[in-house]
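Enquirer: Residue numbers for the sequence shown follow this note's numbering, so the first one is 9 and each next one is one higher. Note that the Cβ used here is the ideal one computed from N, Cα and C, for glycine as well. Take this structure, written in structure tokens, and hold onto it; I'll ask about it next.
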Amino acid sequence: ALKLKPDFPEAKENFYRVANWLVERWHFLMLNDRRRNQKYQQAIQKAVDSGCSTVLDIGTGTGILSMCAKKAGAAEVTACELSKTMYELACEVVTANGMNGRIKILHMKSLEMEVPKDIARRVSLVVTETVDAGLFGEGIIESLIHRTDISCPHCNKYKPPSQSGRVIPAGATVFGMAVQCLEVRRHHRLCVSEVGGLVMAAAGELHSPVSCGSEDDSTEPYTTERLSRLPGGYTPLTKPFKALDIDFNNVQELEGLCSREVSRLHLPVTGEGLLDALAVWFQLHLDQESSLSTGPEEDTCWEQAIYPVQTLAGDELIVEISCRDAYLRLCSVAVARDGREFRLDDCLDPERPRNSPGPSGGPKPSPNAEAELCSALACLGTDRSPSNGLRDYTMLECAEMALLNNQPYHDSFRMAMAKLISNLKGARSARGQGLEVTPVADPAVGPMDPGPDPFYVLDVSEGFSVLSLMAAGQGQVKAYSSVEKPHHQAVLRRLARANGIPEEALEFWLNQVEDEQSVLQRPSREKLWSAIILDCVETCGLVRQKLMEKATLARCLLEDGGQVFPERIVLYGMLVESDTLLQESAVQGREPTLGFNIAPFINQFTVPVHVFLDLSTLQCRHLSDSVELFVLDLMNTNANYTDRDVKVQASASGRVTAVPFWYQIHLDEEISVSTFSRESHWKQAAVVLHQPLVVRRGDWVQLTVTLRKSSISVAARV
Ligand SMILES: CCc1ccncc1CNCCCCSC[C@H]1O[C@@H](n2ccc3c(N)ncnc32)[C@H](O)[C@@H]1O
């Protein structure tokens, strides 16, 4: 569609979403990482010079490592790539670099390859970089165990490594460190005891889907973050420790890895604070001489693997390391204090017998110190559901957890809601309404509570939201929640009971209807909605799709004086020079890719809008103040622009490479929240300019801002 009609907005937006999905953003980072490419090239050159003449590139991506091997003089080069998009791209790239027919590219997973069906003979060198932040996440262990069928490891024994099936990288060393990090904590644990006036204790334990200890497969063992770019930074609580050493050339070791029992490390705590996560990174040893690191301190572009945990940091941490089902797993299983070890699950279940004194069998701490530690641990919750299974918990997405922890957002909502309800009460009594009307029970909604006509509030938020319960808590309100997962509804019911909110004041509207459009239908009675709460901005920083359509529909369903929340969102932006954003969005020419012509091919998948940005820590130079880009008025949708020209003055000379943007969400005339505040659970987004714009301090830059179907584009010229 884009080829036919390049600026066809729906196609453009869909393409951006699909492009993001088809080609992962780290392809750009990897290909722009010249040092990484050079190190691989040197290691491959050395291996080919020492006699490895047949090469297999597992997970070729764009084909760059295969082209290195060919250029290094390898006689036969075969590549395999499981992604269809990348496979087709690799074929184009290899042809464009004059190596068509000299590199055999297969669209398949390496595990499916067989000799001689797919590859003529066993290779003498395997090259791969199928690693993720947690090292094993792309299946490199399995791929290398399988390689025994396609490379000749048994030559290992009596032939020098040069002749036998060697692997680049030759191995890896995995490091870890315990950290305190608020940004991780607020995405994985409830950090507040009260949200929008609701006491949260009754919610029970809330967990994010990232948990290493639990057995259920709806969780993932780790998440990934760039520790060096997390808002608020992090505090190391232990020194970096070596977690694992792996020799990729030793097949027996690889096979043993997955079945290896758990190893335990005792880590002295060297910093004060609350343990929020174990951070993990690694050194990839390409060969004996050179290695790549993904550490937080290196100026590497890679993320670290984050294992959220939470215990009070005693003076020693006991961490268990395992590789259950080929994922690296780290769990903090106990805390030692004064030499006594407290396993987390013991503390959560006080009647369980105390385990033996710690390794040093040190002096028994005073009973109250022990009790204090255990009760502190118990209320903190942990990342392990103990073997006794007594403790159950509710799973929230990371974004839902961060939303819950965003207190200013909920307090603002609470004030705006209270103001609206009191205005409507005033208006009703002024009209003398709502007193003499005898409430009629309506079958569609169940028995009416006696008392004056309630105010109806509809929450159409996506995912888990307590806003409907906060509305119900205002009294004389019947709130309809769009929460649809049964265990999420159970949390809201528990919270209602614990906060003295009558059960019948809260309904789960989605239970009865199939989609949101009908949720916004006219309520089954004449009464219209007093308030409708819409979700406007996605966590990634983009305007939610079909927002204006929903707002238009919602507005027709309001009673006089009723309100859509929010009533207006204002989009702000600024001019920045950010090389980082360039590196993550497109391959910058031939230079970083060793002179190979790769950029034009992979850059077909460049997406001009960057999402999930932490603008507060993005390396960039501000080249202007923030400026209002446009207004979305949800109470008067036809007043909205789709194109707007904005002038902004450059406050410094430089190259404008991007326009980051965020929102001020106006709940009513006075109350608003920003999506770019410290507690905001939203990330920011940025438009990366097609061409950097050179500006001099004082220049006026003309921005043409277009919002079509919630996809934003910005053109800039001096
Ligand atoms: C310092 C390295 C680093 C550190 C931390 N974070 C990221 C990096 C950078 N490496 C990321 C590569 C990660 C993706 S792997 C690259 C390509 O290989 C493909 N694939 C994966 C497995 C596989 C297989 N068995 N058979 C065939 N193809 C396979 C994927 O489809 C992808 O296109």
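#1: In whole angstroms, give me the CA-to-CA distance for residue 474 and residue 517.
#2: Mind checking who residue 680 pairs with in its DSSP beta bridge?
#3: Identify whether residue 108 lies in helix, strand or coil by the three-state DSSP scheme.
#4: Taking only the alpha-carbon atoms, compute the straight-line gap between residue 272 and residue 403 and give it to the nearest angstrom.
#5: Tell me which same chain residues have a C-beta within less than 7 Å of the C-beta of residue 597, skipping the five on either side of it?
#6: Any idea if residue 71 is buried or exposed, counting beta-carbon neighbours within 10 angstroms, 16 or more meaning buried?
#7: Residue range of the beta strand (DSSP E) that residue 245 falls in?
#8: Rounded to the nearest angstrom, what separates residue 45 and residue 302 at their Cα positions?
#9: Among residues of its own chain, excluding the 5 on either side of residue 161, which ones have a beta-carbon nearer than 6 Å to its beta-carbon?
#10: Less than 7 Å between C-beta atoms, sequence neighbours within five positions excluded: which residues of the same chain meet that for residue 95?
#11: Thinking just about the alpha-carbon of each residue, which of 563, 53 and 560 is nearest to the one in residue 297?
#12: Cβ of residue 547 versus every heavy atom of ligand 1: is any distance shorter than 6 Å?
#13: Enumerate, from N- to C-terminal direction, the unbroken alpha helix (DSSP H) stretches of 4 or more residues contained entirely within the segment 36-94.
#14: Residues in its own chain within less than 8 Å of residue 663 by CB, not counting five upstream and five downstream?
#15: Are the beta-carbon atoms belonging to residue 218 and residue 304 less than 7 Å from one another?
#16: Only counting the same chain, and skipping five residues up and downstream in sequence, which positions put a Cβ closer than 6 Å to that of residue 723?
#17: If you follow the alpha helix (DSSP H) that residue 576 is part of, which residue opens it and which one closes it?
#18: With distance defined between alpha-carbon atoms, name the residue in 646, 653 and 689 nearest to residue 623.
#19: Under 6 Å from any heavy atom of ligand 2, does the C-beta of residue 117 make it?
#20: May I have the straight-line CA-CA distance separating residue 61 from residue 130, to the nearest angstrom?
#21: Among all the DSSP beta bridges, which residues are the ones paired with residue 465?
#22: Whole angstroms are fine: how far does the CA of residue 694 sit from the CA of residue 631?
#23: When DSSP labels each residue in this structure, what does residue 301 get in the three-state scheme?
#24: Taking the runs of the beta strand (DSSP E) that are 3 residues or longer, which of them lie wholly in the segment 244-292?
#25: Evaluate residue 650 with the Cβ neighbour count: other Cβ atoms within 10 Å of its Cβ, from every protein chain shown; 16 or more gives buried, anything less gives exposed.
#26: For ligand 1, is there a heavy atom less than 6 Å away from the beta-carbon of residue 66?
#27: When burial is assigned at 16 or more other CB atoms within 10 Å of the CB, is residue 554 buried or exposed?
#28: Near residue 26, what residues of its chain come up, given a Cβ to Cβ distance below 7 Å and the 5 sequence neighbours on each side ignored?
#29: How many Å lie between residue 605 and residue 73 at the Cα?
#30: Quick one: Cα of residue 225 to Cα of residue 275, how far?
#31: Under 6 Å from any heavy atom of ligand 1, does the C-beta of residue 430 make it?
#32: Which of the three DSSP states, helix, strand or coil, is assigned to residue 164?
#33: Could you round the C-beta distance between residue 540 and residue 565 to whole angstroms and report it? I think they count as a contact, below 8 Å.
#34: Per the contact definition of three or more C-beta pairs closer than 8 Å, is the segment 413-433 in contact with the segment 235-243?
#35: Is there at least one Cβ from chain D nearer than 7 Å to residue 553's Cβ?
#36: Excluding the 5 residues preceding and the 5 following residue 698 in the sequence, name in chain order all residues of the same chain whose CB lies nearer than 6 Å to its CB.
Expert: In terms of the structure at hand:
#1: 14 Å
#2: 674
#3: strand
#4: 28 Å
#5: 607
#6: buried
#7: Here residue 245 belongs to no beta strand (DSSP E), and DSSP marks it neither H nor E.
#8: 15 Å
#9: Note that residue 161 scores 49 on pLDDT, short of 50, meaning its location in the model is unreliable and no value can be drawn from it.
#10: 89, 113 and 115
#11: 53
#12: no
#13: 42-57 and 72-79
#14: 585, 700, 701, 702 and 703
#15: no
#16: 712
#17: Unbroken run through residue 576 is the beta strand (DSSP E), 576-581; no alpha helix (DSSP H).
#18: 689
#19: Among the ligands in the structure shown, ligand 2 does not appear; only ligand 1 can be found there.
#20: 11 Å
#21: 487 and 539
#22: 14 Å
#23: strand
#24: 249-255 and 271-276
#25: exposed
#26: yes
#27: exposed
#28: none
#29: 13 Å
#30: 29 Å
#31: no
#32: Here the model assigns residue 164 a pLDDT of 45, short of 50, so the residue's position is not dependable and the matter cannot be decided.
#33: 7 Å
#34: no
#35: Absent from the structure: chain D. Only one protein chain is present.
#36: none
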